[in-house]
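Take a look at the structure below.
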DNA sequence: TGCGTTTATTAAAACGATTCTATATAATTC
DNA sequence: GAATTATATAGAATCGTTTTAATAAACGCA
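Protein chains in written order, with our numbering: chain A, 517 to 879; chain B, 517 to 879.
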């Protein structure tokens, strides 16, 4: 591994090695050294012998360009800001993996910010990221109920920005979302195909667009097949900023339903965390999952596959969404550096039904 | 929110605003502007009227200092590298939260790197981080079986470095670890107090220091109380780089034990992921948890509290460990900037028994 | 021989801040 | 009233690169 600077023997003995040191050692000017080491256009006029001498001098001295100086001139730093709303939400994890992986391929690195679902913190972090002149910005907006204008403010920032998990009506901010409606349609279709007709629903918070879209999928399926939905078996999660309350909220809401009706044979939850809370409530109420009640979630976060019974759910392609976000941001960055204009992108990713143990055909 | 630069009306119309623009507008020199805006020592000689005029000029123009130029001179960038070995391991999540939160307090930000448990990737990332001149380095070494020398190489890098989750014998690299031995001692003590005497163990991989230390805690407890450990009921997880295989491995190893003996009343797993795998194996084998078999893990990762029955475990104070790492790194950074020498720190954090549903007194 | 290219190299000017060294005036001391 | 000190500002150097413009030699060709 090439440690900077790899001075023979003792540690970093004071002076840092600059391009001028390389110039002196190799016997050429700093200009030539720069041209050679960066393989700049002018390098084609430089004979191989010169190149080799410079390169070996650089290596011998353990020269590493000062990235601050470099950035000062080029106004680039190969860094993008990645803002999550709550890193402890398992939903973020795989998205982060997808982002990290794609950035790595491009030799970019992420600066991480976690808004803790707090608006002032979000604002402060945006400020900090822009101060640092990140070249792009990716926002993982899982649970965000924060005022949409807050993101709209970002339009002014003039750097390529993409939001994952939330539709932006903005002309300059891109968004990557999952097909909520289609996913919900498929989930309900799965329950229906298993013979379930009395189905309970724990919907998402009203303020959340995903809630609306998933519910639209449910309604569309119901309409297409004539399935009846009993309003007494439909409850909403409370408006709530903290995604970690998904589980207790799912628990409470399922208890609500159980108070009113007990004759449903399946429950469809807004998301996996809600479903896990529901599972607990069902089991506590003495209903076996899936024998007496099938259960389906949405997202496919990590814990879902670990519980017993493992949760059937609709998977969001989270790594792919992270990768897509990076690709959009990188396009934006390249466009900017070539003085091209680029349009905001709106991309809806397909979801995928993941069959596991928590759903079962009705007997 | 203060967007950079907040030009009135249209977007970022070309030119960036420099300190000289502020100088011109305010009618003072760049020097004075710098002194005022940074509140440098010399600022005490500058009358309030001057200060106010400069500040309002800066605000009016939307001036934000160019961080590249600033860093070039100061050789600082208020950034630390944070390397995880696998971000999809839930163990990382809360540690990251702890790190992020403490850095935020200090107006530092993390650059995130994920080694994917691959050595070449780890090396490349170290290189990238050092190129970027991060001021410090935090390594979250949860599952790391990678050659210890790899980390030892970091000693040469001359920046404050701390490893979380792994003891370093190095003189220059700090480490933050949890009290594995004490935690295991307490866990076994809990089972013992509930009346369990026939206890099965799924130990960690042999190569892992945590495995050794936790087992030492077990042995010490057994020795202290005269508890007998049946070697037929002790298995080891395979050497394994991927923490996400913890669950399937725990499942397989538990099946191994079940093949040989079925008369144990409790199982102690190396960590939570292993325990979750064990839970699945036990349930599949028809053993009710905790009625017929108590189960205890280690770590207290997020999924542990979500499963039914919720897992009793030994909590690592992960947020606190992240915070401690930051504090050590920041101390190192400050020491360096004041030309003080600072010793590597070795800090062992206490663990905490978390009682939930998966353990129960023997009947 | 002379003129236009092509090849090979470099000095000097950015990039945008901070800070050291001067310098000028005003206030204070002896 | 001269010497000293405190106050207030500016010029220029510096950080380490990259890039522009310039120079000089070598080459091809009429």
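Glycine included, every Cβ here is placed at the ideal spot set by N, Cα and C.
The segment 780–802 of chain A: which residues have C-beta closer than 7 Å to a C-beta of chain B, in chain order? 792, 795, 796 and 799
Who are the Cβ neighbours of residue 604 of chain A in its own chain at under 7 Å, not counting the five residues just before and after it? 760
Please say whether residue 853 of chain A and residue 699 of chain A have beta carbons closer to each other than 7 Å? no
Looking at residue 655 of chain A: is its Cβ nearer than 7 Å to the Cβ of residue 679 of chain A? yes
Residue-level contact to chain A via CB, residue 585 of chain B, 7 Å cutoff: yes
Among A:862, A:754 and A:576, the one whose alpha carbon lies nearest that of residue 687 of chain A: A:862
Pick helix, strand or coil for residue 714 of chain A, following the three-state DSSP scheme. coil
Can you find the residues in the same chain that come closer than 7 Å, C-beta to C-beta, to residue 673 of chain B, ignoring five residues on each side of it along the sequence? 646
If the cut is a Cβ gap below 9 Å, which residues of chain B does residue 630 of chain A touch? 612, 613, 616, 617 and 620
Quick check on residue 647 of chain B - is its C-beta less than 7 Å from some C-beta in chain A? yes
Return no unless some Cβ of chain A is closer than 7 Å to the Cβ of residue 528 of chain B. For residue 528 of chain B, the predicted model reports a pLDDT of 42, less than 50, meaning its position is unreliable; a value from the coordinates is still stated below. So, interface residue.
Leaving out five residues before and five after residue 750 of chain B in sequence, what residues of the same chain have Cβ atoms less than 7 Å from its Cβ? 717 and 719
Measure the C-alpha to C-alpha separation of residue 563 of chain B and residue 571 of chain B and round it to an integer number of angstroms. 13 Å
For residue 871 of chain B, tell me which candidate among B:635, B:702 and B:756 has the shortest Cα-Cα distance. B:702
Secondary structure at residue 730 of chain B, three-state DSSP: helix, strand or coil? helix
Nearest to residue 723 of chain A (by Cα), restricted to the options A:547, A:539, A:658 and A:597: A:658
Entirely within the segment 825–870 of chain B and at least 4 residues each: give me those alpha helix (DSSP H) ranges in chain order. 834–853
For a quick check, are the C-beta atoms of residue 819 of chain B and residue 822 of chain A less than 7 Å apart? yes
By the 10 Å Cβ neighbour count, where 16 or more other Cβ atoms means buried, how is residue 742 of chain A classified, buried or exposed? exposed
Put residue 613 of chain A into one of helix, strand or coil per three-state DSSP. helix
List the residues of chain B whose Cβ lies closer than 7 Å to the Cβ of residue 644 of chain A, in chain order. 625
What's the call for residue 877 of chain A, buried or exposed, on a 16-neighbour Cβ count within 10 Å? exposed
How about the segment 626–636 of chain B and the segment 578–588 of chain B: do they share at least three Cβ pairs that are nearer than 8 Å? no
In this structure, what does DSSP give as the bridge partners for residue 677 of chain A? A:653 and A:689
With distances taken from CA atoms, which of B:600, B:685 and B:815 is nearest residue 790 of chain B? B:815
At the 7 Å Cβ level, is residue 603 of chain B part of the contact set with chain A, yes or no? yes
Short check: CB of residue 651 of chain A to CB of residue 598 of chain A, under 7 Å? no
Alpha carbon of residue 614 of chain B to alpha carbon of residue 755 of chain B, nearest angstrom: 29 Å
Between the alpha carbons of residue 798 of chain A and residue 782 of chain A, how many angstroms are there, rounded? 11 Å
Would you mind sorting residue 788 of chain B into buried or exposed? The rule is 16 or more other CB atoms within 10 Å of its CB. buried
Beta-carbon separation (whole angstroms), residue 648 of chain B vs residue 583 of chain A, contact threshold 8 Å: 6 Å
One question on the structure: do residue 834 of chain A and residue 611 of chain A come within less than 7 Å of each other, judged by their Cβ atoms? yes
Does the distance from the C-beta atom of residue 705 of chain B to that of residue 737 of chain B stay below 7 Å? yes
Which of the three DSSP states is assigned to residue 801 of chain B in this structure? coil
Taking just the CA atoms, how far does residue 802 of chain B sit from residue 875 of chain B? 17 Å
When the cut-off is 7 Å and only beta carbons count, does residue 871 of chain A lie next to chain B? no
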